[in-house]
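Going down the list, the sequences are from chains A and B. Position 393 of the first sequence, counted from 1, bears residue number 597 in my numbering, the numbering being contiguous throughout. Position 161 of the second sequence, counted from 1, bears residue number 351 in my numbering, the numbering being contiguous throughout. The C-beta atom is built at its ideal place from N, Cα and C for all residues, glycine as well. Values in this document were obtained by computation on a predicted structure and should not be read as measured data.
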Amino acid sequence: MNLNDQKHAPIYEALNRFRKQRVVPFDVPGHKRGRGNPELVELLGEKCVGIDVNSMKPLDNLCHPTSVIKHAEELAADAFGAAHAFLMVGGTTSSVQSMILSACKSGEKIILPRNVHKSAINALVLCGAVPVYIDPRVEPKLGIPLGMELGDVRRAMDENPDAVAVLVNNPTYYGICSNLKAIVELAHARGMQALVDEAHGTHLYFNENLPLDAMSAGADMTAVSKHKSGGSLTQSSLLLLGPNVNPRYVDKIINLTQTTSASYLLMSSLDISRRNLALRGEKSFEKVAQMAQYAREEINAVGGYYAYGRELVNGDSVFDFDVTKLSVYTRDIGLAGIEVYDLLRDEYDIQIEFGDISNILAYISIGDRLQDIERLVGALADIKRLYAREPSEMFLAEYISPIVAATPQAAFYAETESLPIRETVGRICSEFVMCYPPGIPILAPGEVITKEIVEYTLYAQAKGSSMQGPEDPDIRYLNVLKKGG
Amino acid sequence: MEFWFNDMHTQNVQLSIRVEKQLFSGESDFQRIDVFESPEFGRFLASDGSVIFSEKDEFTYDEMIVHVPMAVHPNVKRVLVIGGGDGGVARELTHYEEIEAIDVVEQDKLFVDVCRKFFPANACGLDDPRVKVFYQDGLRFLRSRQDEYDLIINDATDPLGHTAGLFTKEFYGSCYKALHDDGIMVYQHGSPFFDEDEDPCRAMHKKAYRSFPVSRVYQAHIPTCPAGYWLFGFASKKYHPLEHFDKKRWEERGIKTWYYTANLHVGAFMLPRYVEDLLEEEENS
Chain A
205 MNLNDQKHAP IYEALNRFRK QRVVPFDVPG HKRGRGNPEL VELLGEKCVG IDVNSMKPLD
265 NLCHPTSVIK HAEELAADAF GAAHAFLMVG GTTSSVQSMI LSACKSGEKI ILPRNVHKSA
325 INALVLCGAV PVYIDPRVEP KLGIPLGMEL GDVRRAMDEN PDAVAVLVNN PTYYGICSNL
385 KAIVELAHAR GMQALVDEAH GTHLYFNENL PLDAMSAGAD MTAVSKHKSG GSLTQSSLLL
445 LGPNVNPRYV DKIINLTQTT SASYLLMSSL DISRRNLALR GEKSFEKVAQ MAQYAREEIN
505 AVGGYYAYGR ELVNGDSVFD FDVTKLSVYT RDIGLAGIEV YDLLRDEYDI QIEFGDISNI
565 LAYISIGDRL QDIERLVGAL ADIKRLYARE PSEMFLAEYI SPIVAATPQA AFYAETESLP
625 IRETVGRICS EFVMCYPPGI PILAPGEVIT KEIVEYTLYA QAKGSSMQGP EDPDIRYLNV
685 LKKGG
Chain B
191 MEFWFNDMHT QNVQLSIRVE KQLFSGESDF QRIDVFESPE FGRFLASDGS VIFSEKDEFT
251 YDEMIVHVPM AVHPNVKRVL VIGGGDGGVA RELTHYEEIE AIDVVEQDKL FVDVCRKFFP
311 ANACGLDDPR VKVFYQDGLR FLRSRQDEYD LIINDATDPL GHTAGLFTKE FYGSCYKALH
371 DDGIMVYQHG SPFFDEDEDP CRAMHKKAYR SFPVSRVYQA HIPTCPAGYW LFGFASKKYH
431 PLEHFDKKRW EERGIKTWYY TANLHVGAFM LPRYVEDLLE EEENS
């Protein structure tokens, strides 16, 4: 990375030049620097609406970058160690989908972890590719999905030598990392592309003590959710390419669905945050890691909570752990993660990222201060004092290997009917059935419903597991493909 | 030369103080601290641009936050002061011989250093042998304390700034836990007058009212505070600020004060109707 070049932020600089020129707008957007929408100016401020402008010669065009956006993408590529970078304005969903649409076509196979993000399955609905799922192992006490085991990946590749790509979710929401480098090598040895959903991994690129990032691991494409740990505006994202991917083809794929009026607020935020990370990221994320570690120690000292860290590392399904993630197991004080999540918000004015059945996750970032960490720890201590109960047993989910009978695309467009769940055995499901914890689908669109699956679903439900996905929230009915349809 | 310091009390109201000269300006991890010399208020200290106290009016809240609980609780031995790094509260506490320990927890060492240098009449309170200063976050200090104190004084003033953590449910909960069964907590309750101050003021009462069996509010007139009007909270596990007020005992101590008197003690709990109403609304909400 060339640090001197990284001091520039070409889109930001172009916007500053543009503002000084006081150009009279006879183009869109019609609010004309906010004058046509005073309430919007009141909300967002004059500076903000003043740079909400359209593509024009001095500001380049995201659909076909030739000047400042091109330069910003080159700087981003250099900062992230990629061969090419695309600024994305449709969220990391658009990055993940462009990545998958670039890697596989209709009827081709892609190997995925079963707990893959919805955006990836939706990409399969769009392109008609066939999923081959891998069981993410589950941590038995915490109930969280882990990474992909190398043996499972190898087996899936052996059984599906015609697969064109493998997708790795790395790190997971909880900070769990797979053996990315080895998975990439396995894929490349078989001529498959290695794709990474790195939505929770922007920071890995800027601190050497954190787990390996996808580009360093040799991945072909990775979707980086810059707005999460990277500090850019919500909905902005990056798609990074390795040296063996044709950027012109990926560009064509992106432009199938990308807006032709990309927001300069989003693009400039990507540009400025890239500069910030390149120049100051190493130090910032050192501080984030220290704060998270401090919080872990203090929360564990409160007792009853388990804020986990590197001790989970087992060399395979937990190959590495992202220490900036602060996940806390709450069941030993008799409270579900979601209950602690609600208490923190309703009683303590603290909003955390999420709570599941057994854990909460507090997002620690470059914007945090130690006094806020103290509030979080203090609130957890107070919750324990006021609300702790006797712990109850947790239902432990089992992994049932899915039978994919139709592609997600075929299942999505097929004619369906709603049947009582016990009458669906042998039919092909058209919807998701998720079980929390650990948030891994029992059924995905296009999969055969077996007797085992029906019984397991009813059993998990009776055990108090939260079941989500189907149209019928009580899961008495499931939508299945019509016969002969 | 015209040299004025403007303290923004709201976005639309400011208090202007003529300044003779600036004595100090510095920035810590927590705040920017400035010290000025002024003809009307003497020396005053500002944190992030807001007046924290002045030589002219600091006696009001230092006295009101100390003597009110001390005239109620019959036997205070251990006191915890959160914030209060200027030493004014500790100084008032040192008048009481029965107090054995005064722990002052101030997270910002720069604040203490600046007060020692520019406000020695306050900071002398920190030199009493019973006083121990901890440079720590108040919430963190409290987390490990249980059943240790008779009186906790929260001297932090800003519920929205860097001391926001000291105006939260978890703070009141931690104080409750750190107090003995008959302990009292008093705290800065803000000013109820301007619209933008009203919500934090309401929220504080709501939290304290739900954390302690006894929760009353009292008032004082402090010129450098927004609208010149300031409230204090009296939260207690057992003692009521008026029913258990021992007027005779306090007067016999012969402590020299400039604001607090035994008569004023009772009067300070008599609140204007609009303040009573907003407090009651929070109690019943």
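Residue of the options minimising C-alpha distance to residue i
i	options	result
His263 (chain B)	B:Val465, B:Phe331, B:Arg400, B:Lys427	B:Lys427
Glu557 (chain A)	A:Leu539, A:Lys529, A:Thr661, A:Gly508	A:Lys529
Leu417 (chain A)	A:Ala592, A:Ala585, A:Asn373, A:Lys456	Sequence inspection shows Asp at residue 417 (chain A); the Leu mentioned does not correspond to that position. Checked all of A:Ala592, A:Ala585, A:Asn373, A:Lys456; the closest Cα to Asp417 (chain A) is A:Asn373.
Val581 (chain A)	B:Glu442, B:Gly355, B:Lys367, B:Thr414	B:Gly355
Pro233 (chain A)	A:Leu350, A:Val257, A:Asp550	A:Val257
Gln609 (chain A)	A:Ile632, A:Glu619, A:Glu597, A:Gln575	The question names Gln, but residue 609 (chain A) in the sequence shown is Ala. The option with the nearest alpha carbon to Ala609 (chain A) is A:Ile632.
Arg281 (chain B)	B:Lys438, B:His352, B:Ser405, B:Pro310	B:Pro310
Gly744 (chain A)	A:Asp424, A:Ile568, A:Tyr453	In this structure chain A extends from 205 to 689, so residue 744 (chain A) is not present and cannot be described.
Gly216 (chain B)	B:Val225, B:Ala393, B:Trp440, B:Glu210	B:Val225
Asp678 (chain A)	A:Arg535, A:Met638, A:Lys686, A:Ile653	A:Met638
Glu312 (chain A)	A:Leu682, A:Ala369, A:Tyr545	A:Ala369
Ala421 (chain A)	A:Val658, A:Gly395, A:Asn383	A:Asn383
Inter-residue CB distance, residue i and residue j (contact presumed, cutoff 8 Å)
i	j	result
Gly278 (chain B)	Glu248 (chain B)	5 Å
Lys253 (chain B)	Thr447 (chain B)	At residue 253 (chain B) the sequence reads Glu, which differs from the Lys that was named. With a Cβ gap of about 5 Å, Glu253 (chain B) and Thr447 (chain B) count as contacting.
Gly541 (chain A)	Asp560 (chain A)	5 Å
Arg680 (chain A)	Pro624 (chain A)	6 Å
Ala427 (chain A)	Asp401 (chain A)	6 Å
His285 (chain B)	Ile412 (chain B)	Not quite, the Cβ-Cβ distance comes to about 21 Å (not below 8 Å), so this is no contact.
Ala154 (chain A)	Arg479 (chain A)	For chain A, the structure presents residues 205 to 689; residue 154 (chain A) sits outside this window and is missing.
Ser472 (chain A)	Tyr216 (chain A)	5 Å
Glu472 (chain B)	Tyr399 (chain B)	7 Å
Counted within 10 angstroms of its Cβ, other Cβ atoms place residue i as buried (16 or more) or exposed
i	result
Asp586 (chain A)	buried
Arg579 (chain A)	buried
Phe220 (chain B)	buried
Cys305 (chain B)	buried
Ala280 (chain A)	buried
Tyr617 (chain A)	exposed
Cys365 (chain B)	buried
Leu266 (chain A)	buried
Tyr453 (chain A)	exposed
Gly240 (chain A)	exposed
Cys252 (chain A)	exposed
Tyr339 (chain B)	buried
Simplified DSSP state of residue i, which is helix, strand or coil
i	result
His352 (chain B)	coil
Trp420 (chain B)	strand
Ala386 (chain A)	helix
Tyr362 (chain B)	helix
Ser473 (chain A)	helix
Met495 (chain A)	helix
Lys394 (chain B)	The residue asked about is misnamed: residue 394 (chain B) is Met in this sequence, not Lys. Of the three classes helix, strand and coil, the one that applies to Met394 (chain B) here is helix, per DSSP.
Asn563 (chain A)	strand
Leu266 (chain A)	coil
Asn326 (chain A)	helix
Leu247 (chain A)	helix
Ile625 (chain A)	helix
Phe384 (chain B)	coil
Arg221 (chain A)	helix
Ile343 (chain B)	strand
Glu287 (chain B)	coil
Gln378 (chain B)	strand
Lys267 (chain B)	coil
Leu369 (chain B)	strand
Pro310 (chain B)	helix
Gly216 (chain B)	strand
Original post:
Can we say the region 502-519 of chain A touches the region 441-451 of chain A, given the rule of at least three CB pairs closer than 8 Å?
Top reply: no
Original post:
If we count Cβ pairs, one from each stretch, closer than 8 Å, do we get three or more for the region 352-369 of chain B versus the region 668-681 of chain A?
Top reply: no
**OP:** Spell out a yes or no on whether the region 443-455 of chain A and the region 273-289 of chain A are touching, meaning 3 or more CB-CB pairs, one atom from each, closer than 8 Å.
**Re:** yes
**OP:** State whether the region 335-346 of chain B contacts the region 382-402 of chain B, with contact taken as three or more CB pairs (one from each stretch) at a distance under 8 Å.
**Re:** no
**OP:** Check whether the region 373-387 of chain A touches the region 351-361 of chain A, taking contact to mean three or more Cβ pairs, one atom from each stretch, closer than 8 Å.
**Re:** yes
Original post:
Between the region 230-240 of chain B and the region 423-441 of chain B, do at least 3 Cβ pairs fall closer than 8 Å?
Top reply: no
Subject >> Three or more C-beta pairs below 8 Å linking the region 331-339 of chain A and the region 303-316 of chain A >> reply: yes
Original post:
Are the region 406-424 of chain A and the region 244-253 of chain A touching by the rule of at least three beta carbon pairs closer than 8 Å?
Top reply: no
**OP:** Mind the definition here: the region 455-469 of chain B touches the region 399-412 of chain B only if three or more C-beta pairs lie below 8 Å; say whether that holds.
**Re:** yes
Original post:
Using 8 Å as the Cβ pair cut-off and three pairs as the minimum, do the region 415-424 of chain B and the region 375-383 of chain B touch?
Top reply: yes
Original post:
Counting pairs of beta carbons, one from the region 390-401 of chain B and one from the region 316-332 of chain B, are three or more of them closer than 8 Å?
Top reply: no
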